[in-house]
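Student: Sharing a structure below in structure tokens format, with a few things to ask.
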Amino acid sequence: MDRAFDLHRTIASLHQARVSLALETADLCFLISLRERADRLSLASFEEDALVDVFMQVCELTDPGAENPRKRATHAIQRLREQRLLARVDGAGLIRAGEYSLTRLATAVVDFYLADDALTRDSLTVLTKTLLSQLADIKASASRARDDADWRRAVVEPLRVTVADLVSGIERRQRGLDTQQEEVRGRIATLLQSDWFGAVGDCEALLEQTSTTLRELNEVLLQDAVHLQALLQDIEQLAADFPHAPAEQAAQRVAEHVDRVSAWGSDRLRAWSDYYQYVHRYLRDVVRLDPDRAVSQRLRDQLASWLDRPFALGLAHAPSIRLLREVDARAERPPVTRPRRDLEAPLEHVAPHDARAALQERVLACLRSGVTSLSAVVSRVLPEVPERDRYRAAGSVTATVGRDPRARSAVVRPWVQVAGDLQLEDWSLDDQEPSR
Amino acid sequence: MIDHGYERLEDVIQDSIFPEVDLALRAGQHVDSEDTDRYAFLVAAQRLLEPLYLRYGADLIHSPDRFFFLVPRGDRLGRRHLSTGEMLLGQVLALMYLDPATVQAAGVISRAQAMELLANLVGEQRLVAALNPRRRRRHEHVSQELARQELDRALRSLAALGFIELLDDEKVRLRSPLMRFAEPVRGLADPSAALQRLARRGLVDLLEPGPSEEPPEEGGEG
């Protein structure tokens, strides 16, 4: 799958478009019949009459007494078209009856029910050998590639299409073999249920057959996967040296795919091995020791009457070893208290301290001393004020000076540096007495 | 280290796996052949461990179904028998172990299947009454809830004893020690005689039937 594939966007668009797939048994049979006819007669498409004929044949087999088969055929064709299982390919519209072909979706659905191409030693060997040969060619092309066009034509596209299809082919057959294994498990259970002791031989044969198949496949996969990975690494290295990022990424993607395919072999072999052991144990301990299958019935009777004749299995029940803790004399913890104090403490006389009034007093003193500008007042008063309070104090000084009738503000006030980093727009003070 | 045989008891006790296996057996666990290391150790050390446990008044049993367990005969080692819930559930699980239908999933079943089969075979009312022995005139829902809790406890206990393996909240894997529940009916002898024989060996305890229970109330006080 393309790495640029955006799952969230795809799901959102499918949801928005209300995409759905609903197939009745008759529809499935219809599709399978169409596929069979296409294969048998080498047809690429079907005329509308041919579709109706096939549907009516299916109807005769599945629902012989059905009324209006032609009308049902029309509805079925419409249903399949709406679900994009049949596509009209002639483009003639209303001018004449249409011509239809099965879509990729329909082919995939039919393949699921018909395909029996499970992985075998032969098919796997053919596929892996073809894959090795393809990769060897691609590696040779990669070593000769001179420009981006060469890389894309001779490396990226073959890796993306041919090689990926071959690996997918192996994976598809692996899924086929998974289905077969599931069927074998079902068959073993059915054989035991129907024939009990008589089925032991058949069950063992089925187990052995599947085990052999899986073991052989795993051997081929382990052996060939090493060669495949080596070739892919060479291609990736050539792409990295050139450098050509798309080719490098394409080789990495195929390598991951090959890893997945080879991991399948060991996973399935392990899972099957567990099942194999379980069934052998079952055949040996249960079936062979109870050839008449009498124990089950007797156990059933025992359970049904257990409440009237109860018994219980005896078991060892030694208590776990008691580990004693170290002796630890508990320390006497003093109660939590706080020192007693007289809550009615006598009040003290403290001289009032009003920093704002003191500042104002100092400003007025400056004004009385005959300073001629606001900046002079601020420069004289501010050094006595703690640095963190100076900005606020400057505002307070300016307010006091502003109330003085001598204060004059020019149209363009000059900026003057006062204590520290502070600058202010200066006012002048003419030679009159302050009002206060 | 697991060897194919030990010369002396000291070698057995010196093996690093001994404390683990010894504690498991004394706690009533069953060690089956799926538990590869512990089972192989017991097979190798069986000849020397049997006399050791006999001195504690207990038999180390090696079942033909390939599992070990310890059964005390005297009072030197603690002993208990399975509860009503454990016995009922154990017999149902043994029945499922014998059923070829469970072979397809390699002995993996769901809790719901086991509970359903138990209710069908014993009868729902009798089952609820058996699992609530001390409570009379109870609300039906309360009794059912208590029975469910008892069966859940029994399932966990059977898993701890090695009869089954709990794979998740729903899935249960059946193991060969379940065949102990079928022991009284494995031979062709009369089951009562078989039970007497097993009781003499200390493998089962024969119990008195519980008092007949009043049917649960349809409604009212719990």
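Protein sequence lines correspond, in order, to chains A and B.
Position 266 of the first sequence, counted from 1, bears residue number 266 in the working numbering, the numbering being contiguous throughout.
Position 52 of the second sequence, counted from 1, bears residue number 1052 in the working numbering, the numbering being contiguous throughout.
The beta-carbon is built from N, C-alpha and C at its ideal position, and this holds for glycine as well.
With 8 Å set as the bound, which would you pick, yes or no: does the beta-carbon of ARG1080(B) sit closer than that to a beta-carbon of chain A?
Tutor: Translated into positions along the second sequence, residue 1080(B) becomes position 80. Interface residue, yes.
Student: Should ALA419(A) and LEU359(A) be called a contact, given that it needs their Cβ atoms to be closer than 8 Å?
Tutor: Start at 1 with the first residue of the first sequence, and residue 419(A) comes out as number 419. Start at 1 with the first residue of the first sequence, and residue 359(A) comes out as number 359. Against a cut-off of 8 Å, the Cβ pair of LEU359(A) and ALA419(A) comes out as no contact.
Student: Compare the C-beta of PRO1216(B) against all C-beta atoms of chain A and say whether one is closer than 8 Å.
Tutor: Within the second sequence, the letter at position 216 stands for residue 1216(B). At PRO1216(B) the pLDDT is 43, less than 50, meaning the model places this residue with poor confidence and gives no usable figure here.
Student: For the alpha helix (DSSP H) that contains GLN439(A), what are its first and last residues?
Tutor: Because chain A here runs from 1 to 436, residue 439(A) falls outside it and cannot be looked at.
Student: In this structure, does DSSP put PRO1072(B) in helix, strand or coil?
Tutor: For the purposes of this step, residue 1072(B) is taken as the residue at position 72 of the second sequence. If DSSP states are grouped into helix, strand and coil, PRO1072(B) belongs with the strands.
Student: Using a 10 Å radius around the Cβ and a threshold of 16 neighbouring Cβ atoms, would you call GLY201(A) buried or exposed?
Tutor: Position 201 of the first sequence, counted from the first residue, corresponds to residue 201(A). Residue environment for GLY201(A): exposed (fewer than 16 other C-beta atoms within 10 angstroms of its C-beta).
Student: In or out: PHE112(A) buried (at least 16 other Cβ within 10 Å) or exposed?
Tutor: Here residue 112(A) corresponds to residue number 112 of the first sequence, with the count starting at 1. Exposed, because fewer than 16 other Cβ atoms sit within 10 Å of the Cβ of PHE112(A).
Student: Please name the residues in the region 283-296 of chain A whose beta-carbon is closer than 7 Å to at least one beta-carbon of chain B, in chain order.
Tutor: ASP285, VAL286, VAL295 and SER296
Student: Between which two residues does the beta strand (DSSP E) harbouring GLY1202(B) extend?
Tutor: Looking up residue 1202(B) in the second sequence gives position 202. From DSSP, GLY1202(B) is part of no beta strand (DSSP E); its letter is neither H nor E.
Student: Are there 16 or more other CB atoms within 10 angstroms of the CB of SER375(A), so buried, or fewer, so exposed?
Tutor: Taking the first sequence and counting its residues from 1, the one referred to as residue 375(A) is at position 375. When all chains shown are included, SER375(A) counts as buried.
Student: Run down chain B in chain order and give the residues with a C-beta less than 7 Å from the C-beta of ALA189(A).
Tutor: Residue numbering aside, residue 189(A) sits at position 189 when the first sequence is read from its first letter. Within chain B, the residues near ALA189(A) are PRO1100, ALA1101, VAL1103 and GLN1104.
Student: Along the region 1029-1051 of chain B, what residues have a CB closer than 7 Å to any CB found in chain A?
Tutor: none
Student: With a CB to CB cut of under 6 Å and the five nearest residues on each side skipped, what residues in its chain are close to PRO69(A)?
Tutor: Counting from one through the first sequence, the residue named residue 69(A) turns up at place 69. Result list for PRO69(A): MET56 and CYS59, in chain order.
Student: Using the beta-carbon of each residue, which ones in chain D are nearer than 8 Å to GLN174(A)?
Tutor: The structure shown contains no chain D; its protein chains are A and B.
Student: Hey, would you say VAL163(A) sits closer than 8 Å to LEU127(A), going by beta carbons?
Tutor: In the first sequence, residue 163(A) corresponds to position 163, counting from 1. In the first sequence, residue 127(A) corresponds to position 127, counting from 1. Taking 8 Å as the Cβ cut-off, VAL163(A) and LEU127(A) do not qualify as a contacting pair.
Student: Please confirm if PRO1110(B) has its CB atom under 8 Å from at least one CB of chain A.
Tutor: Locating residue 1110(B) in the second sequence gives position 110, where the first residue counts as 1. The amino acid occupying residue 1110(B) in the given sequence is Ser; Pro does not appear at that position. With 8 Å as the cut-off, SER1110(B) does not count as an interface residue toward chain A.
Student: With distances taken Cα to Cα, identify the nearest neighbour of GLY98(A) among PHE197(A), ALA140(A), LEU135(A) and VAL52(A).
Tutor: Your numbering for residue 98(A) matches position 98 in the first sequence. That would be VAL52(A), whose Cα lies nearest to the Cα of GLY98(A).
Student: Who are ILE1164(B)'s beta bridge partners in DSSP?
Tutor: Translated into the one-based positions of the second sequence, residue 1164(B) becomes position 164. In the DSSP output, where bridge partners are listed per residue, ILE1164(B) has LEU1174(B).
Student: Are the CB atoms of LEU217(A) and GLY265(A) nearer to each other than 8 Å?
Tutor: In the first sequence, counting from the first residue as 1, residue 217(A) sits at position 217. In the first sequence, counting from the first residue as 1, residue 265(A) sits at position 265. Against a cut-off of 8 Å, the Cβ pair of GLY265(A) and LEU217(A) comes out as a contact.
Student: Using 8 Å as the threshold, is the region 269-282 of chain A in touch with the region 1096-1110 of chain B, meaning 3 or more CB pairs across them?
Tutor: Proximity of the region 269-282 of chain A to the region 1096-1110 of chain B meets the contact definition, three or more beta-carbon pairs being nearer than 8 Å.
Student: Could you check the C-alpha separation between ARG1201(B) and GLU171(A) for me, to the nearest Å?
Tutor: Reading the second sequence from its first residue, position 201 is the one you call residue 1201(B). Reading the first sequence from its first residue, position 171 is the one you call residue 171(A). If you take the alpha carbons of ARG1201(B) and GLU171(A), they lie about 57 Å apart.
Student: So what does DSSP say about SER42(A), is it helix, strand or coil?
Tutor: For this step, residue 42(A) is matched to residue 42 along the first sequence. The answer is coil: DSSP assigns SER42(A) none of H, G, I, E or B.
Student: In terms of residue numbering, what span does the alpha helix (DSSP H) encompassing ALA1024(B) cover?
Tutor: The residue labelled residue 1024(B) in the question sits at position 24 within the second sequence. Per DSSP, ALA1024(B) belongs to the alpha helix (DSSP H) from 1018-1026.
Student: Would you tell me roughly how many angstroms separate the C-alpha atoms of PRO1072(B) and SER1110(B), rounded to the nearest one?
Tutor: As a working mapping, residue 1072(B) is identified with position 72 in the second sequence. As a working mapping, residue 1110(B) is identified with position 110 in the second sequence. Rounded to the nearest angstrom, the two C-alpha atoms are 33 Å apart.
Student: Counting only the same chain and skipping the five closest in sequence on each side, list residues whose C-beta sits under 8 Å from that of GLY1222(B).
Tutor: Taking the second sequence and counting its residues from 1, one reaches residue 1222(B) at position 222. For GLY1222(B), the pLDDT reaches just 30, beneath the cut-off of 50, and the residue's location in the model is therefore unreliable, leaving the point undetermined.
Student: Under the assumption that VAL397(A) contacts VAL363(A) (Cβ atoms under 8 Å), give the Cβ distance between them as a whole number of angstroms.
Tutor: Residue numbering aside, residue 397(A) sits at position 397 when the first sequence is read from its first letter. Residue numbering aside, residue 363(A) sits at position 363 when the first sequence is read from its first letter. That belief holds up - the Cβ atoms of VAL397(A) and VAL363(A) are roughly 5 Å apart, short of 8 Å.
Student: Is there a Cβ of chain B sitting closer than 8 Å to that of GLY186(A), yes or no?
Tutor: Your numbering for residue 186(A) matches position 186 in the first sequence. Interface residue, yes.
Student: For LEU1093(B), which of SER1083(B), GLU1050(B) and ALA1114(B) has the nearest alpha-carbon?
Tutor: Translated into positions along the second sequence, residue 1093(B) becomes position 93. For LEU1093(B), the nearest C-alpha among the options comes from ALA1114(B).
Student: Three-state secondary structure (DSSP) at VAL378(A)?
Tutor: Here residue 378(A) refers to the residue found at position 378 of the first sequence. Three-state DSSP puts VAL378(A) in a helix.
Student: Could you spell out the range, first to last residue, of the beta strand (DSSP E) harbouring TYR100(A)?
Tutor: Residue numbering aside, residue 100(A) sits at position 100 when the first sequence is read from its first letter. Start and end: 99-102.
Student: Compute the distance between the beta-carbons of SER101(A) and SER45(A), then report whether it is under 8 Å.
Tutor: Numbered from 1 along the first sequence, position 101 holds the residue referred to as residue 101(A). Numbered from 1 along the first sequence, position 45 holds the residue referred to as residue 45(A). The answer is yes: Cβ separation under 8 Å.
Student: Using a Cβ-Cβ distance cut-off of 8 Å, determine whether GLY1107(B) contacts chain A.
Tutor: Indexing the second sequence from 1 puts residue 1107(B) at position 107. GLY1107(B) counts as touching chain A.
Student: What does DSSP give as the partner residues of GLN423(A) in its beta bridges?
Tutor: Here the question's residue 423(A) lines up with position 423 in the first sequence. In the DSSP output, where bridge partners are listed per residue, GLN423(A) has GLN417(A).
Student: Using a Cβ-Cβ cut-off of less than 8 Å, list which residues of the region 296-327 of chain A approach chain B; keep chain order.
Tutor: Within the region 296-327 of chain A, the residues whose Cβ lies closer than 8 Å to some Cβ of chain B are SER296, ARG298, LEU299, ARG300, ASP301, GLN302, LEU303, ALA304, TRP306, LEU307, ASP308, ARG309, PRO310, PHE311, ALA312, LEU313, GLY314, LEU315, ALA316, HIS317, ALA318, PRO319 and SER320, listed in chain order.
Student: Using 8 Å as the threshold, is the C-beta distance between ALA145(A) and VAL155(A) below it?
Tutor: Counting from one through the first sequence, the residue named residue 145(A) turns up at place 145. Counting from one through the first sequence, the residue named residue 155(A) turns up at place 155. Taking 8 Å as the Cβ cut-off, ALA145(A) and VAL155(A) qualify as a contacting pair.
Student: Quick one: is ALA1058(B) near chain A, going by C-beta distance under 8 Å?
Tutor: If you number the second sequence from 1, residue 1058(B) lands on position 58. ALA1058(B) counts as touching chain A.
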